[in-house]
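Report on the following structure.
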């Protein structure tokens with residue numbers, strides 16, 4: 001008589017830390033050191049023996065028990081403003097690499113630039129006792145300070161100014177904008193407009209400050225700053241509006257590669273040559289900037305450097321500055337006229 005196919009089978013016994021220690025011929029403490037990345041150093045040969053034993057036994061550490069015992073979950077949260085943005089994808093991929101190298105897992109929350117979703121995501125990550133929360137936001141960080149900052153360790157990924165109770169890592173937006181506009185001025189341009197995702201009236205933004213300072217130092221009147229919402233469509237519509245002005249630009253500085261791509265479409269549709277009629281320098285340096293026509297000259301952000309500094313700020317807050325600025329690099333291609 002055969003057993004019923006739907007009968008419940010006994011669950012196989014789960015391997016324990018003691019089983020791994022016995023097979024690897026080490027103490028249970030050494031097993032803990034290997035899977036917790038400390039606090040004591042384990043020789044590479046011994047650590048490899050432990051990992052092989054764990055693999056043979058299909059052993060996985062009990063993260064819930066570890067969190068209760070140590071106060072650390074080995075998990076970090078990431079609030080992503082827009083997962084479709086190539087720059088966001090690049091920097092958070094580097095953050096994932098940095099986390100895995102240190103034995104941490106990341107929990108991603110894509111909030112689609114919605115403030116309600118953002119608040120909800122922050123609350124859920126705080127409730128889950130993340131060891132740290134990384135985030136960028138489309139709104140002013142003064143709106144985010146409050147109770148949550150006292151309940152978890154926050155690292156803001158694109159904030160060049162101090163935020164009380166948090167760590168900040170950012171590209172040096174001021175210097176990057178200053179360098180980009182200065183490059184266009186060196187090419188002889190005197191009417192340089194700007195595509196900017198935020199409000200053009202936000203005089204506190206470092207990109208706008210760098211933009212204006214470059215004009216001031218060259219004794220030039222700054223052009224128009226047009227809001228373009230950090231998107232291809234925004235860049236397209238904003239560029240059409242700039243071209244319809246009484247004094248259209250001979251050059252454009254775009255605050256993101258996405259906006260620059262929209263600008264390229266608008267210029268092509270109007271029959272304008274790039275860079276002969278209108279030059280462009282963009283900001284981000286994503287891989288997409290290599291596949292536009294012409295290829296975009298861009299301020300390339302150091303995504304790996306940003307991710308590494310952010311991870312160190314999360315793990316070692318007492319030994320890292322409250323604000324860390326990372327330089328961008330001007331990558332010369334075809335859209336600027338060089």
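Numbering (full-length UniProt numbering), first residue to last: 1 to 338. The beta-carbon is built from N, C-alpha and C at its ideal position, and this holds for glycine as well. All values reported here derive from a predicted model rather than from experimental measurement.
message = Rounding to the nearest angstrom, what Cα-Cα distance links residue 207 and residue 247 in this structure?
response = By one-based count along the chain shown, residue 207 stands at place 207. By one-based count along the chain shown, residue 247 stands at place 247. Cα to Cα, the separation comes out at about 23 Å.
message = Would residue 310 and residue 155 qualify as a contact pair, given that the criterion is a beta-carbon distance under 8 Å?
response = On the chain shown, residue 310 is found 310 positions in, with the first residue counted as 1. On the chain shown, residue 155 is found 155 positions in, with the first residue counted as 1. In this structure, residue 310 places its C-beta atom within 8 Å of the C-beta atom of residue 155.
query = In or out: residue 159 buried (at least 16 other Cβ within 10 Å) or exposed?
reply = Position 159 of the chain shown holds residue 159. By the neighbour-count criterion, in which 16 or more other beta carbons inside 10 Å mark a residue as buried, residue 159 falls on the buried side.
query = Does the stretch 211-223 come within contact of the stretch 184-192, defined as at least 3 CB pairs closer than 8 Å?
reply = Touching, per the Cβ criterion.
inquiry  = Rounded to the nearest angstrom, what separates residue 214 and residue 46 at their Cα positions?
reply    = The count along the chain shown starts at 1 and reaches residue 214 at position 214. The count along the chain shown starts at 1 and reaches residue 46 at position 46. Computed Cα separation, rounded: 57 Å.
message = For residue 108, report the span of its beta strand (DSSP E) as first-last.
response = Position 108 of the chain shown holds residue 108. Here the beta strand (DSSP E) through residue 108 covers 105-110.
message = the ligand ZN and residue 338: does the residue's C-beta get closer than 7 Å to at least one heavy atom of that ligand?
response = The ligand ZN is not part of this structure, which contains no ligands at all.
message = Assuming contact is defined by CB atoms lying nearer than 8 Å, are residue 108 and residue 301 in contact in what I supplied?
response = Taking the first residue of the chain shown as 1, we reach residue 108 at position 108. Taking the first residue of the chain shown as 1, we reach residue 301 at position 301. With respect to residue 301, residue 108 sits apart: the two C-beta atoms are not nearer than 8 Å.
message = Once the 5 residues before and after residue 133 are set aside, which same chain residues still bring their CB inside 8 Å of it?
response = Position 133 of the chain shown, counting from 1, holds the residue named residue 133. Excluding the 5 residues flanking it on each side, residue 133 has same chain C-beta neighbours closer than 8 Å at 76, 77, 78, 79, 122, 125, 126, 152, 153, 154 and 155, in chain order.
ask   = Going by DSSP, which residues form a beta bridge with residue 35?
value = By 1-based counting over the chain shown, the position of residue 35 is 35. Per DSSP, residue 35 has no beta bridge partner at all.
request  = Buried or exposed for residue 18, please, with buried defined as at least 16 other CB atoms from any protein chain shown within 10 angstroms of its CB.
outcome  = On the chain shown, residue 18 is found 18 positions in, with the first residue counted as 1. So residue 18 counts as exposed.
request  = State yes or no: is the C-beta of residue 260 within less than 8 Å of the C-beta of residue 236?
outcome  = The residue labelled residue 260 in the question sits at position 260 within the chain shown. The residue labelled residue 236 in the question sits at position 236 within the chain shown. Cβ distance not < 8 Å, so residue 260 and residue 236 don't count as in contact.
inquiry  = Helix, strand or coil for residue 278? Go by DSSP, reduced to three states.
reply    = The count along the chain shown starts at 1 and reaches residue 278 at position 278. Correct three-state label for residue 278: coil.
ask   = Does DSSP classify residue 74 as helix, strand or coil?
value = Taking the first residue of the chain shown as 1, we reach residue 74 at position 74. Three-state DSSP puts residue 74 in coil, outside helix and strand.
message = Between the alpha carbons of residue 197 and residue 131, how many angstroms are there, rounded?
response = Start at 1 with the first residue of the chain shown, and residue 197 comes out as number 197. Start at 1 with the first residue of the chain shown, and residue 131 comes out as number 131. Distance between the alpha carbons of residue 197 and residue 131 is about 31 Å.
query = Should residue 298 and residue 90 be called a contact, given that it needs their Cβ atoms to be closer than 8 Å?
reply = As a working mapping, residue 298 is identified with position 298 in the chain shown. As a working mapping, residue 90 is identified with position 90 in the chain shown. Going by C-beta atoms, residue 298 is not nearer than 8 Å to residue 90.
ask   = Going by Cα to Cα distance, which pick from 329, 204, 162 and 39 is closest to residue 320?
value = Your numbering for residue 320 matches position 320 in the chain shown. Taking the Cα of residue 320 as reference, the smallest distance to any Cα among 329, 204, 162 and 39 is reached at 162.
message = Can you give me the C-alpha to C-alpha distance between residue 50 and residue 31, rounded to a whole angstrom?
response = If you number the chain shown from 1, residue 50 lands on position 50. If you number the chain shown from 1, residue 31 lands on position 31. Take the alpha-carbon of residue 50 and the one of residue 31: they are about 6 Å apart.
message = Just to confirm, is the Cβ distance from residue 180 to residue 253 under 8 Å?
response = The residue given as residue 180 occupies position 180 in the chain shown. The residue given as residue 253 occupies position 253 in the chain shown. Yes.
message = Quick check: the Cα distance between residue 177 and residue 292, rounded to an integer number of angstroms?
response = For the purposes of this step, residue 177 is identified with residue 177 of the chain shown, where counting begins at 1. For the purposes of this step, residue 292 is identified with residue 292 of the chain shown, where counting begins at 1. Residue 177 and residue 292 have their C-alpha atoms roughly 21 Å apart.
request  = List the whole-angstrom C-beta distance separating residue 171 from residue 81, where the pair is believed to meet the contact cut-off of C-beta under 8 Å.
outcome  = To locate residue 171, count along the chain shown from 1; it is residue 171. To locate residue 81, count along the chain shown from 1; it is residue 81. Not confirmed; about 15 Å, so no contact.
Beta-carbon proximity of residue 165 to residue 149, cut-off 8 Å = Locating residue 165 in the chain shown gives position 165, where the first residue counts as 1. Locating residue 149 in the chain shown gives position 149, where the first residue counts as 1. Yes.
ask   = Tell me, which residues are paired with residue 170 by DSSP?
value = Counted from its first residue, the chain shown places residue 170 at position 170. DSSP lists 325 as partners of residue 170.
ask   = Can you tell me the Cα-Cα spacing of residue 106 and residue 324, whole angstroms?
value = Within the chain shown, residue 106 is the residue found at index 106, counting from 1. Within the chain shown, residue 324 is the residue found at index 324, counting from 1. Rounded to whole angstroms, the gap between the alpha carbons of residue 106 and residue 324 is 22 Å.
ask   = Buried or exposed: residue 168, going by 16 or more other Cβ atoms within 10 Å of its Cβ?
value = For this step, residue 168 is matched to residue 168 along the chain shown. Burial call: buried.
query = Among residues of its own chain, excluding the 5 on either side of residue 315, which ones have a beta-carbon nearer than 8 Å to its beta-carbon?
reply = What you label residue 315 is simply residue 315 of the chain shown in a count that begins at 1. For residue 315, where only same-chain residues beyond five positions count, the Cβ hits under 8 Å are 102 and 132.
message = I'd like to check one pair, residue 250 with residue 279: are the Cβ atoms closer than 8 Å?
response = Indexing the chain shown from 1 puts residue 279 at position 279. Indexing the chain shown from 1 puts residue 250 at position 250. For the pair residue 279 and residue 250, the CB atoms are nearer than the 8 Å cut-off.
query = Once you ignore the five residues that flank residue 83 on each side, which residues in its own chain have a CB closer than 6 Å to its CB?
reply = As a working note, residue 83 is residue 83 in the chain shown. Cβ within range, chain order: 110.
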